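In what follows, a single structure is set out as structure tokens and then discussed.
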Amino acid sequence: MNWEQLLSLKRFGDTNKRLRKEQNETRLGFEVDYDRIIFSSAFRSLQDKTQVIPLSKTDFVHTRLTHSLEVSVVGRSLGRLAGQKILEKHPQLEKTHAYRMNDFGAIVAAAALAHDIGNPPFGHSGEKAIGEYFSHGNGKRFKDELSLKEYQDLVKFEGNANGFKILTQNRPGSDGGLRLSYATLGAFIKYPKESLPHKPTQNVADKKFGFFQTEKEIFEELATELGLIKTGKGGDVSYYRHPLAFLVEAADDICYTIIDFEDGINLGLIDEDYALEYLIKLVKDNINTGKYNSLTNTADRLSYLRALAINTLITEAVETFLKNEDAILSGKFHQGLLDRSKYEAQIDDIIKISIEKIYESEEVISKEIAGYKMLSHLLDTYTEALLPQKAEENSNFNKLVLKSVPNLAYLQDENSVYRRLLAICSHTASLTDGFTVASFEKYKGIKL
Numbered sequence: 001m002n003w004e005q006l007l008s009l010k011r012f013g014d015t016n017k018r019l020r021k022e023q024n025e026t027r028l029g030f031e032v033d034y035d036r037i038i039f040s041s042a043f044r045s046l047q048d049k050t051q052v053i054p055l056s057k058t059d060f061v062h063t064r065l066t067h068s069l070e071v072s073v074v075g076r077s078l079g080r081l082a083g084q085k086i087l088e089k090h091p092q093l094e095k096t097h098a099y100r101m102n103d104f105g106a107i108v109a110a111a112a113l114a115h116d117i118g119n120p121p122f123g124h125s126g127e128k129a130i131g132e133y134f135s136h137g138n139g140k141r142f143k144d145e146l147s148l149k150e151y152q153d154l155v156k157f158e159g160n161a162n163g164f165k166i167l168t169q170n171r172p173g174s175d176g177g178l179r180l181s182y183a184t185l186g187a188f189i190k191y192p193k194e195s196l197p198h199k200p201t202q203n204v205a206d207k208k209f210g211f212f213q214t215e216k217e218i219f220e221e222l223a224t225e226l227g228l229i230k231t232g233k234g235g236d237v238s239y240y241r242h243p244l245a246f247l248v249e250a251a252d253d254i255c256y257t258i259i260d261f262e263d264g265i266n267l268g269l270i271d272e273d274y275a276l277e278y279l280i281k282l283v284k285d286n287i288n289t290g291k292y293n294s295l296t297n298t299a300d301r302l303s304y305l306r307a308l309a310i311n312t313l314i315t316e317a318v319e320t321f322l323k324n325e326d327a328i329l330s331g332k333f334h335q336g337l338l339d340r341s342k343y344e345a346q347i348d349d350i351i352k353i354s355i356e357k358i359y360e361s362e363e364v365i366s367k368e369i370a371g372y373k374m375l376s377h378l379l380d381t382y383t384e385a386l387l388p389q390k391a392e393e394n395s396n397f398n399k400l401v402l403k404s405v406p407n408l409a410y411l412q413d414e415n416s417v418y419r420r421l422l423a424i425c426s427h428t429a430s431l432t433d434g435f436t437v438a439s440f441e442k443y444k445g446i447k448l
């Protein structure tokens, strides 16, 4: 892979090539990507989607929106630091094509901003609830009407693939979705492969999948334009990652490791003194003990250690990226950047505590159980309305349901069962935590 292709400013539907040296410096193409994401309704909905605690009443706990903003800030720093060194190593990028350090930061920041845009309500349990509806629930009745890959898309419903769908899908009057630059879309895709074959390898990019069958064509066009290296055999679509996707992933890993831990402390789920000790272990090589000891307030100490921890991991992630740039460009680097961290033991300790004390806390588990039931009922309601089991006129209730959900009503003339079901899943995933509860209560007749 080469940076000239990887930094493509092309957008869906372009007929002329976009050149970096012809860009308006007051509002660059990669910065436009950021603006389009942040003004989208899909991004706004993240303000009421779970990051740590579903339906939390505590205002200082992160939502998907605040998490995404913070990941974007970290991603911008990662991109700029890496971009500065890449331009020194490849001077033609600046001299011939006019790329700047900030271009790398803008690409990673935009992709990081969108990294959770396709996630369902109730966090990762929402993904599992949608998938298990088709593997173990009433949605299993559609299995024989779908191809193997179509069925796999549903039973392993993936927020990353749904995010790519949101960013690129054609809608009436909006061809190409948000029409982001191909460079940003490439950096967004952590798992550049389709759902089958599912063969987890040592390559971190094979862990999940990054697009549904409905977006297969646009993904292949994107991969060709960016010059990604194909790994799939025969008709299977699979590629090595866009190099900047490693930085997007690192930004997310840094934030959820440190900031979810901080949320656990603020919620009282993790003992403060115990938690500070673990953060100190992570930053012991960089801590200013005089400054730290001068802080008498626990919140100030926590804030100082959090900032220091994030900065420490940013510096190391960039160093790892640059050290392995040639291997990354040739598709021979198969780990996340933090997996190579000299702080791996400290990071693992923090994540283990977060899993035990936060993610598996009674409050989280109780709300996830309720979320499972609510999402399952909504999927039942939507599938029965859009794909009734009996070949007869739809019931009045189902007609009312479709009237209440314009996003699905227009699909009544769609012949593809797969496209109907995927639209139902995507719509369900678009709901906020609060609206999921309200919809469930409405369709059950519990509350008006």
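Residue 339 in UniProt numbering sits at position 339 of the sequence shown, with consecutive numbering throughout.
A virtual CB, placed ideally from N, CA and C, is assigned to each residue, including glycine.
Just so it is clear, the structure is predicted and the values come from calculations on it, not from any experiment.
- request: Label P91 either buried or exposed according to how many other C-beta atoms from any shown protein chain fall within 10 Å of its C-beta, with 16 as the threshold for buried.
  value: Its Cβ having fewer than 16 others within 10 Å, P91 is exposed.
query: Could you give the distance in angstroms between the alpha-carbon of D175 and the alpha-carbon of I270?
result: 47 angstroms
message: Excluding the 5 residues flanking L146 on each side, which residues of the same chain have their C-beta closer than 7 angstroms to its C-beta?
response: Setting aside the 5 residues that flank it on each side, L146 is surrounded in the same chain by V417 and Y418, each with a C-beta closer than 7 angstroms to its C-beta; the list follows chain order.
query: Are there three or more Cβ pairs, one per stretch, closer than 8 angstroms when the segment 236–247 is compared with the segment 214–224?
result: Judged by pairs of C-beta atoms under 8 angstroms, the segment 236–247 touches the segment 214–224, as three or more such pairs exist.
- request: Would you kindly check if the distance between the Cβ of Q84 and the Cβ of R64 is under 7 angstroms?
  value: no
Residue from I166, Y133 and K165 whose Cα sits closest to the Cα of Y151: Ranking the options by Cα distance to Y151, first place goes to Y133.
Where T184 sits in the DSSP three-state scheme: Three-state result, T184: helix.
Beta-bridge pairing of K193 - partner residues as DSSP gives them: S238
query: Based on Cα-Cα distance, which residue from I86, H242, D153 and K149 lies nearest to K332?
result: H242
task: Have a look at I166 and T296 and give me their C-alpha separation to the nearest angstrom.
output: 47 angstroms
- request: Out of A112, G131 and E94, point me to the one whose CA is closest to P120's CA.
  value: G131
task: Please report how far the alpha carbon of H334 lies from the alpha carbon of G118, in whole angstroms.
output: 25 angstroms
- request: Would you list the residues sitting across from K230 in a DSSP beta bridge?
  value: Y239
- request: Run the CB neighbour count on R20, radius 10 Å, all protein chains shown included, and call it buried at 16 or more, exposed below.
  value: buried
message: Does T320 come out as helix, strand or coil in the three-state DSSP assignment?
response: The answer is helix: DSSP assigns T320 an H, G or I state.
- prompt: Do you know how far the Cα of I347 is from the Cα of N396?
  reply: 55 angstroms
- request: Return helix, strand or coil for T383, following the three-state DSSP convention.
  value: helix
query: In terms of residue numbering, what span does the alpha helix (DSSP H) encompassing S125 cover?
result: G123 to S135
message: Could you compute how far the alpha carbon of A161 sits from the alpha carbon of G290?
response: So the alpha carbons of these two residues sit roughly 47 angstroms apart.
message: Among Y304, G264 and D253, whose alpha-carbon lies nearest the alpha-carbon of I358?
response: G264
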